[in-house]
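Here is the structure we will look at, set down as structure tokens.
2 protein chains.
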Amino acid sequence: MSNLENTQAQMRKGVLEFCILSIISQGEIYPSDIIGKMKDAKLLVVEGTLYPLLTRLKNAGLLNYRWVESNSGPPRKYYVLTPIGENFLNELKLTWAELVLAVDETTNKTQTI
Amino acid sequence: MSNLENTQAQMRKGVLEFCILSIISQGEIYPSDIIGKMKDAKLLVVEGTLYPLLTRLKNAGLLNYRWVESNSGPPRKYYVLTPIGENFLNELKLTWAELVLAVDETTNKTQTI
DNA sequence: AAATAGTACCTTGCAACACATAGTACTAAA
DNA sequence: TTTAGTACTATGTGTTGCAAGGTACTATTT
Numbered sequence: 049m050s051n052l053e054n055t056q057a058q059m060r061k062g063v064l065e066f067c068i069l070s071i072i073s074q075g076e077i078y079p080s081d082i083i084g085k086m087k088d089a090k091l092l093v094v095e096g097t098l099y100p101l102l103t104r105l106k107n108a109g110l111l112n113y114r115w116v117e118s119n120s121g122p123p124r125k126y127y128v129l130t131p132i133g134e135n136f137l138n139e140l141k142l143t144w145a146e147l148v149l150a151v152d153e154t155t156n157k158t159q160t161i
Numbered sequence: 049m050s051n052l053e054n055t056q057a058q059m060r061k062g063v064l065e066f067c068i069l070s071i072i073s074q075g076e077i078y079p080s081d082i083i084g085k086m087k088d089a090k091l092l093v094v095e096g097t098l099y100p101l102l103t104r105l106k107n108a109g110l111l112n113y114r115w116v117e118s119n120s121g122p123p124r125k126y127y128v129l130t131p132i133g134e135n136f137l138n139e140l141k142l143t144w145a146e147l148v149l150a151v152d153e154t155t156n157k158t159q160t161i
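In structure tokens, the structure reads:
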């Protein structure tokens, strides 16, 4: 993996959890569809990343799920945010806004090119 | 470490390299001053993180340094970007801009609270 | 009925990396 | 010569993204 791809991946990692919680907050959803939505937003995420992450967030009390039968394959786990998860997400929204400000402050000091 | 602090740290990690390269691009600088500048921007970074990171970037050909004697302690390593480092930084600027767009698109879909 | 394809969820092992911690070395002041 | 301040270095640990491989269910095809 090149340096650039690696660093770009690092950036994506940092916001993964935030984006996934946001997507779930927009309505009950199951993992495969989360992957699709992330892909649409150019934020690739794969199964091996998503499933452990959802389990972690569930164990932390931020998510819940319910099984829903599908008529085109195996049953699906539909996830929703718990109240704790909602609070958590709101904190992250603040954090993200502050981070964008901080990064722009740090990186835009020599725009006199 | 709480979930929130942990996730916030993840976000910071993702942009560390970008910010540090930006700071160095603004003029020759040594590690302790980089830490200071990052702190000013609310992007805390510690020695145990910064030194290995600088070594990595140096080995990747993105940075160079020269020793400069100090009259108030041990000599300092002043870092500068190589031409490769400049290109790399420009790519990261693009990546960052795209990431901000992608995250905002993903997270601002339900602002009808 | 058996085989194949498609979908969905799960697990294991590895590698990268931030960070805490401890250590070395240099200068200046007490 | 001891202490304090500054700067760079090294080691060990925990988290976590991801590749790779696996299980299980349904529907379709043969």
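Residue numbers (my numbering), protein chains in the order written: chain A, 49 to 161; chain B, 49 to 161.
Glycine residues also receive a C-beta, built at the ideal position from the N, C-alpha and C atoms.
Model, not experiment: these values are computed from the prediction.
- Taking 8 Å as the cut-off, the beta carbon of leucine 102 of chain A is found closer than this to the beta carbon of tyrosine 127 of chain A.
- Tyrosine 99 of chain A sits in a helix when the DSSP states are folded into three classes.
- Note that the segment 64 to 74 of chain A touches the segment 131 to 148 of chain A; at least 3 beta-carbon pairs, one per stretch, sit closer than 8 Å.
- Within the segment 72 to 97 of chain B, contact with chain A at the beta-carbon level (separation under 8 Å) is assigned to Ser73, Gln74, Lys85, Met86, Ala89, Lys90, Leu91.
- Under the three-state reduction of DSSP output, asparagine 156 of chain B falls in the coil class, being neither helix nor strand.
- Here the alpha carbons of lysine 61 of chain B and glutamine 56 of chain A stand approximately 12 Å from one another.
- In this structure, B:Tyr113 is the residue among B:Tyr113, B:Pro131, B:Leu149 with its C-alpha nearest to the C-alpha of isoleucine 77 of chain B.
- Secondary structure of leucine 129 of chain B (DSSP, three-state): strand.
- For a Cβ distance threshold of 8 Å, nothing in chain B lies close to glutamate 117 of chain A: the least Cβ distance comes to about 27 Å.
- For the pair glycine 109 of chain A and threonine 143 of chain A, the CB atoms are not nearer than the 8 Å cut-off.
- Valine 94 of chain A counts as exposed, since fewer than 16 other beta carbons sit within 10 angstroms of its beta carbon.
- Beta-carbon to beta-carbon, lysine 90 of chain B and alanine 150 of chain A are separated by about 5 Å, close enough to satisfy the 8 Å threshold.
- Per DSSP, reduced to three states, the secondary structure at leucine 111 of chain B is strand.
- Straight through space, the alpha carbons of glycine 84 of chain A and threonine 155 of chain A are spaced by roughly 32 Å.
- Counting C-beta atoms within 10 angstroms of its own C-beta, valine 116 of chain A has fewer than 16 neighbours from the protein chains shown and is therefore classed as exposed.
- For chain A, the residues of the segment 121 to 144 of chain B that bring a beta carbon within less than 8 Å of one of its beta carbons are Phe136, Glu139, Leu140, Lys141, Thr143, Trp144, in chain order.
- For valine 94 of chain A, the secondary structure class from DSSP, reduced to helix, strand or coil, is coil.
- Beyond the five residues adjoining it in sequence on each side, isoleucine 132 of chain A comes within less than 7 Å, by CB distance, of Gly109, Leu110 in the same chain, given in chain order.
- Within the same chain, Cβ atoms closer than 6 Å to the Cβ of serine 118 of chain A are found at Arg124, the five residues on either side in sequence being excluded.
- Counted as a single uninterrupted DSSP element, the stretch harbouring glutamine 74 of chain A is not any alpha helix (DSSP H), since DSSP gives it neither H nor E.
- Identification of chain B residues near asparagine 51 of chain A by a Cβ-Cβ cut-off of 8 Å yields Ala108, Leu110, Phe136, ordered along the chain.
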